[in-house]
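Visitor: Here the numbering used here is used: the first residue of the sequence shown is 6, the next is one more, and so on.
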Amino acid sequence: MYHFFYQYNPHDPLFGAGKLSWGHSVSGDLVNWAFLGTALDPTSSFDVGGCWSGSTTAMPDGRLAILYTGRDANELQVQNVAFAKNPSDLLLREWDKPSFNPIIPQPADVTGNNFRDPTTAWLGRDGLWRFAIAAEVDGVGSTVIYRSADFVNWERNALPLHASAGIPCWECPDFFPVAEHGTEGLDTSASGAGVRHVLKLSKAADEDYYAVGRYDDEADTFVLVEDGEQADVRNWRRIDHGHLFAAKSFFDARRKRRVLWAWVDEMDSRSDDFAKGWTGIQSFPRALWLDTDGKQLVQWPVEEIETLRRKQVTLLGAVVGSGGLHEIAGIETLQADVEVVFEIPNLKEAEQLDPKWLQDPQKLCAEKGATVQGGVGPFGLIVMASGDMREQTTIFFRVFKHDDAYKVLMCTDLTRSSTKEGVHKPIYAGFVDMDVEKDKSISLRTLIDHSVIESFGGGGRTCITARVYPEHAVTGSSHLYVFNNGLDAVKVSKLEAWELATASVNVEDDGLVALLPPLVVPILSDDAEWAHHQPSSCGVKHDFE
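1) Considering just the uninterrupted stretch of the beta strand (DSSP E) at T116, what are its terminal residues?
2) Out of I458, L485, G187, which one is the CA nearest neighbour of R472?
3) Under a three-way DSSP split, which group does S49 fall into?
4) Tell me the rounded alpha-carbon separation between L301 and R466.
5) Considering only residues of the region 319-386, which uninterrupted alpha helix (DSSP H) runs meet the minimum length of 4 residues and lie entirely inside it, listed in chain order?
6) For my contact list, W127 and T48 are in at a C-beta cut-off of 8 Å; report their separation, rounded to the angstrom.
7) With 16 other CB atoms within 10 Å as the buried threshold, where does A519 fall?
8) Can you give me the C-alpha to C-alpha distance between G197 and W266, rounded to a whole angstrom?
9) Strictly by DSSP, which residues pair up with R259?
10) If we ignore side chains and look at the alpha-carbon of each, how far apart do E189 and D46 end up?
11) Determine whether the beta carbon atoms of P290 and V269 lie at a separation below 8 Å.
12) Using the Cα positions of D298 and V441, report the straight-line distance between them to the nearest angstrom.
13) Leaving aside the five residues before and after Q111 along the sequence, list all residues of the same chain whose C-beta is less than 8 Å from its C-beta, in chain order.
14) My output table needs one value for L313: the three-state DSSP class, helix, strand or coil.
15) For a test of the three-state rule: what should DSSP assign to T424, helix, strand or coil?
16) To the nearest angstrom, report how far apart H378 and A494 are at their CA atoms.
17) Throw me the rounded Cβ distance for the F181 and S288 pair, which I believe falls under 8 Å.
18) Does V228 have its Cβ less than 8 Å from a Cβ in chain D?
19) Could you pull the start and end residues of the beta strand (DSSP E) that V497 belongs to?
20) How long is the line joining the alpha carbons of W283 and A170, rounded to whole angstroms?
21) Among G23, A502, C370, Q364, which one has its Cα closest to the Cα of Y486?
22) Using the Cα positions of V228 and R262, report the straight-line distance between them to the nearest angstrom.
23) For V473, which three-state DSSP category applies?
24) Thinking C-alpha only, which one of T507, Y433, T420 is nearest P475?
25) Looking at the structure shown, is E396 part of a helix, part of a strand, or coil, going by DSSP?
26) Short of 6 Å in beta carbon distance, which residues of its chain neighbour G67, apart from the five on each side in sequence? Order them along the chain.
27) Please state whether the Cβ-Cβ distance between V324 and K499 is less than 8 Å.
28) Can you tell me whether T74 is buried or exposed? The criterion is at least 16 other CB atoms within 10 Å of its CB, across all chains shown.
29) Mind checking A508: buried by the 16 CB within 10 Å criterion, or exposed?
30) May I ask you to check if the CB of D225 is nearer than 7 Å to at least one heavy atom of the ligand COA?
31) Taking only the alpha-carbon atoms, compute the straight-line gap between A63 and V510 and give it to the nearest angstrom.
32) Return the residue from the list D211, F402, E231 that minimises the CA-CA distance to R219.
33) Alpha carbon to alpha carbon, what distance is there between D365 and L191?
34) Give me the residue from A251, D221, D211, L206 with the minimum Cα distance to W241.
35) Could you check if H16 is buried or exposed, using at least 16 other CB atoms within 10 Å of its CB as the buried criterion?
36) Would K3 be called buried (16 or more neighbouring beta carbons within 10 Å of its own) or exposed?
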């Protein structure tokens with residue numbers, strides 16, 4: 006059984022209005038979900054202002070604990086604990102908040118009332134529990150470590166795990182081990198030989214960054230493996246280059262994988278939110294692991310998503326010439342899963358990359374968009390397109406020469422995604438860290454779910470998530486195309502596209518709950534029911550270890 010906890014406003018469709026609870030949903034397959042109501046509510050003096058972000062931890066003795074941030078009666082951010090009343094209850098419906106909370110009052114050196122978002126705890130080799138938490142310490146954005154022998158009495162480590170003076174308030178930390186080799190996930194307490202660690206931080210309501218490093222669990226120190234500026238988180242790699250925030254991972258022991266989820270907020274208007282009655286959804290769950298270079302993560306949709314695949318179309322060996330447009334017909338693409346490999350037989354026409362663009366790929370995509378002819382690219386997919394092409398979203402690549410090698414740029418362009426007024430329609434971009442000269446090809450997988458488009462370039466090395474609101478999708482069908490606006494032809498060595506069936510998302514039907522686990526019922530199609538039980542400023546609130 007998978008248990009998913011998330012910040013939920015039972016009283017209003019907007020996140021910021023009212024006092025937040027923790028919603029609780031369960032699943033047997035990470036695809037179909039049943040809503041069980043709230044796990045935590047703001048009913049005590051230590052969380053009367055809301056039950057905010059946190060994580061869960063499973064202990065060796067069978068106890069299940071939630072560490073979470075509460076806003077107390079004085080509006081201070083404090084840290085609390087809750088325990089499952091009956092850990093053997095399959096549904097874990099009841100949680101107890103002990104009266105001795107808060108377990109960690111706000112420290113005197115915390116400024117700006119920024120002290121929040123405890124991670125899943127891990128067990129050190131000294132037998133002590135640890136968790137990381139975001140804090141503004143004397144004006145410096147910090148990630149600090151607390152230790153405990155009993156999960157109730159906690160002491161702070163003298164030095165922070167990381168500190169970044171550039172931004173005073175980082176939030177939603179995640180800290181977890183990854184294997185140096187292979188794709189299997191590791192228990193959150195894993196350490197030692199063959200293990201590296203990942204520290205992920207979120208910039209308030211904006212972006213998620215991460216770095217791979219080596220963690221010393223005696224001194225509780227973290228040293229990055231990549232050269233360069235370690236202190237400034239803004240120089241780290243991105244979890245996703247699109248509209249995705251507050252990613253949270255968990256170790257799935259049954260399948261030996263680490264799975265990541267994140268909050269995907271709305272990009273239309275507040276009036277639209279009120280009309281829908283909800284705001285905010287979760288991304289598709291992703292498995293993640295360390296790439297062979299030891300520096301970056303690879304992310305890929307969990308395999309359970311493929312159980313929703315239905316009707317399929319295939320394109321093999323098609324050559325798309327300069328200016329070419331090829332429609333992929335035969336399936337409905339409002340809910341679709343598309344995998345494509347582009348062969349690039351010739352790189353000699355690649356344009357020279359001005360070094361200034363290395364720090365601003367988004368602006369580079371804006372200047373050299375999908376309709377601007379290049380040497381190698383742009384080529385890719387046009388998705389969520391109306392019949393007259395007035396509405397369309399493009400996901401594409403462009404290859405540049407850089408020093409003695411090549412750089413691959415990946416873009417998702419929303420500027421023509423909707424004709425509706427009041428919708429934010431940006432361009433997202435990131436470089437794909439791969440050897441295109443060696444591979445001679447670039448892969449792309451795009452998941453389309455009505456207003457959500459998630460794309461995975463280079464086998465999942467670069468990810469871009471977007472929200473789109475095309476007016477034609479309300480009453481009509483969408484179209485899918487392969488295109489190429491580069492000087493030379495590209496070859497689609499293989500394209501496979503599937504319609505996706507509709508998942509059961511946050512249904513409140515006792516009959517469905519009785520089937521768990523596992524759920525075998527017909528991803529996230531219309532995101533309304535899912536999103537009504539909305540996530541928080543730190544998205545996913547879970548760890549199912």
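In this text, a Cβ means the ideal position worked out from N, Cα and C, and glycines have one as well.
Guide: Result, derived from the coordinates:
1) 115-121
2) Out of I458, L485, G187, I458 has the C-alpha closest to the C-alpha of R472.
3) coil
4) First, the amino acid is wrong: residue 301 is Gln here, not Leu. C-alpha separation (whole angstroms): 7 Å.
5) 366-372
6) About 29 Å separates the two Cβ atoms, so there is no contact after all.
7) Any reading at A519 must be qualified, since the residue scores a pLDDT of 48, below 50, and its modelled position is unreliable; the value itself is stated next. Here A519 is exposed, its C-beta having fewer than 16 other C-beta atoms within 10 Å.
8) 26 Å
9) Partner(s): none; R259 has no beta bridge.
10) 36 Å
11) no
12) 15 Å
13) L81, Q82, V83, N118, F120
14) helix
15) DSSP, read as helix, strand or coil, puts T424 in coil.
16) In the sequence on display, residue 378 carries Gln and not His. Spanning the two alpha carbons is a distance of roughly 12 Å.
17) Between S288 and F181 the Cβ distance is about 17 Å, and since that is not below 8 Å, they are no contact.
18) Considering every chain present, this structure includes no chain D. It has just one protein chain.
19) Per DSSP, V497 belongs to the beta strand (DSSP E) from 495-505.
20) Looking at the backbone, the Cα of W283 and that of A170 are separated by about 36 Å.
21) A502
22) Using only the alpha carbons, I get a separation of about 24 Å.
23) coil
24) Ranked by Cα distance from P475, the first of T507, Y433, T420 is T420.
25) coil
26) Answer for G67: P92, listed in chain order.
27) no
28) Looking at its Cβ environment, which holds 16 or more other Cβ atoms inside 10 Å, T74 is buried.
29) buried
30) As presented, the structure is devoid of all ligands, the ligand COA included, so that no description of it is given.
31) 25 Å
32) E231
33) 34 Å
34) L206
35) exposed
36) Since the displayed the chain opens at 6 and closes at 550, residue 3 lies outside it and no answer follows.
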